[in-house]
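Single-structure report; data block below.
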Amino acid sequence: MDILYQIRARQDSFSAGEGRIARLMLDDVGFAASASLEDLAQRAEVSTATLSRFARTVGCRDLRDLRLQLAQASGVGSRFLDPAGTPEQSAFYRQIVGDIETTLRQHLAGFDESRFADAVKMLGQARMIHAFGMGGCSTLCSDELQVRLVRLGYPIAVCHDAVMMRVTAASLNAEQVLIVCSLTGITPELLETVGLARNYGARILAITRAESPLAELADILLPLQGAETSFIYKPTAARYGMLLAIDVLATELALASPEDNQERLRRIKLALDEYRGGDDHLPLGD
1 MDILYQIRAR
11 QDSFSAGEGR
21 IARLMLDDVG
31 FAASASLEDL
41 AQRAEVSTAT
51 LSRFARTVGC
61 RDLRDLRLQL
71 AQASGVGSRF
81 LDPAGTPEQS
91 AFYRQIVGDI
101 ETTLRQHLAG
111 FDESRFADAV
121 KMLGQARMIH
131 AFGMGGCSTL
141 CSDELQVRLV
151 RLGYPIAVCH
161 DAVMMRVTAA
171 SLNAEQVLIV
181 CSLTGITPEL
191 LETVGLARNY
201 GARILAITRA
211 ESPLAELADI
221 LLPLQGAETS
231 FIYKPTAARY
241 GMLLAIDVLA
251 TELALASPED
261 NQERLRRIKL
271 ALDEYRGGDD
281 HLPLGD
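Laid out in structure tokens, this is it:
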């Protein structure tokens, strides 16, 4: 149950006493979750009987269940519970750009060239590469891996469906590499799939948060940093760190065989020019 939603949805139907309880809980979820029943009743200026009636009104079995639901709601984090201010438009434009610049600098400083060299070697030895990602950014970035690697001649397939990821993982062996994208490194379906792939000898390249469960399963880790700001309305800047890791990896792969890849890129440019035209500096199908 989402107790805060249940309380907000019923605000118009509460009695005067129940309305005071509702406002108290919505204004200070942390207090409501930790306070004694006596303190709650005193702060809301109601009786414990009214508290019990309120608990049943919002769908809880009793006061104990209500307190449990409030404790779970308070665990979501203060930046999603505290009143949110709306900055001036120009201010949040600057904040978005500033956060992107900050995360790019942090990731670049944290990258280890030897990790990328090891990844290039591992991918160069793979008979087949698979890229998995779930969620918004991780899904897009696993697709981005296919866009980057296919033009360099690497055999790569992408999957986002949990069932097909399990099917694919069960078919892998030591000649294949699995690249897993995850900003958090804790998505259950990905962890189960990677464990299954490892059982069959597949090598794992993870682009994920350092010291996460997924990072511990990887043969090679390209670490991400995922610190978030208190401005909850903008997309996470951490996804630019994942894109940077992919761009660095793709460039390292291209420079591992520059002459061969120059010829592949020339052929792609020729095919696109015949298809769409355009000047010499248009991107290659991006």
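Quick note: the sequence shown uses the UniProt record's numbering, first residue 1, plus one each step.
For each residue, glycine too, the CB sits at the ideal point set by N, CA and C.
Out of curiosity, what's the CA-to-CA distance linking residue i and residue j?
| i | j | result |
| --- | --- | --- |
| residue 303 | Ser34 | Limits of the chain in this structure are 1 at one end and 286 at the other, which puts residue 303 out of reach. |
| Val97 | Lys234 | 11 Å |
| Tyr93 | Phe231 | 12 Å |
| Gln72 | Arg61 | 16 Å |
| Arg53 | Gln11 | 14 Å |
| Leu40 | Gly59 | 19 Å |
| Pro213 | Leu183 | 12 Å |
| Val147 | Lys269 | 14 Å |
| Thr168 | Pro155 | 15 Å |
| Gly30 | Ala117 | 48 Å |
| Gly185 | Glu211 | 9 Å |
| Leu191 | Asp279 | 45 Å |
| Leu253 | Ala55 | 60 Å |
| Glu259 | Leu152 | 11 Å |
| residue 297 | Gly226 | The question about residue 297 has no answer here: the residues shown for the chain are numbered 1 through 286. |
| Ser36 | Ser15 | 22 Å |
| Ile207 | Thr57 | 47 Å |
| Glu144 | Ala197 | 22 Å |
Output the boundary residues of the beta strand (DSSP E) element that contains residue i.
| i | result |
| --- | --- |
| Thr208 | 203 to 209 |
| Leu178 | 176 to 182 |
| Ala35 | Taken as a continuous stretch (DSSP letters only), Ala35 belongs to no beta strand (DSSP E), as it is neither H nor E. |
| Ile220 | 220 to 224 |
Given a cut-off of 8 Å on the beta-carbon distance, is the pair residue i and residue j in contact?
| i | j | result |
| --- | --- | --- |
| His107 | Ala245 | yes |
| Arg127 | Ile220 | no |
| Gly110 | Cys181 | no |
| Ile204 | Ile129 | no |
| Ile21 | Val46 | yes |
| Ala237 | Asp99 | yes |
| Leu4 | Cys141 | no |
| Ala202 | Val158 | no |
Taking all protein chains shown into account, do 16 or more other C-beta atoms lie within 10 angstroms of the C-beta of residue i, making it buried, or fewer, making it exposed?
| i | result |
| --- | --- |
| Gln176 | buried |
| Ala9 | exposed |
| Thr48 | exposed |
| Thr241 | It should be noted that the sequence gives Gly, not Thr, for residue 241. With 16 or more other Cβ atoms within 10 Å, it is buried. |
| Val76 | exposed |
| Gln69 | buried |
For the alpha helix (DSSP H) that residue i lies in, which residues bound it at each end?
| i | result |
| --- | --- |
| Met164 | 162 to 170 |
| Ala131 | It is not in any alpha helix (DSSP H) - Ala131 instead sits in the beta strand (DSSP E) that spans 128 to 133. |
| Ile246 | 238 to 256 |
| Ile156 | That residue, Ile156, is in no alpha helix (DSSP H); its beta strand (DSSP E) goes 156 to 159. |
| Ser142 | 136 to 150 |
| Lys234 | Counting along the chain, Lys234 falls outside any alpha helix (DSSP H), and DSSP gives it neither H nor E. |
Under 8 Å between C-beta atoms, does residue i make it to chain D?
| i | result |
| --- | --- |
| Leu190 | Absent from the structure: chain D. Only one protein chain is present. |
Any chance the CB of residue i is under 7 Å from a heavy atom of the ligand ADP?
| i | result |
| --- | --- |
| Cys159 | Ligands in the displayed structure: none, and consequently the ligand ADP is not present. |
Open item on the list: Under 8 Å: do the stretch 269 to 280 and the stretch 172 to 187 share three or more Cβ pairs, one atom per stretch?
Closed with: no
Task: Three CB pairs or more closer than 8 Å across the stretch 114 to 127 and the stretch 159 to 168 - done: no
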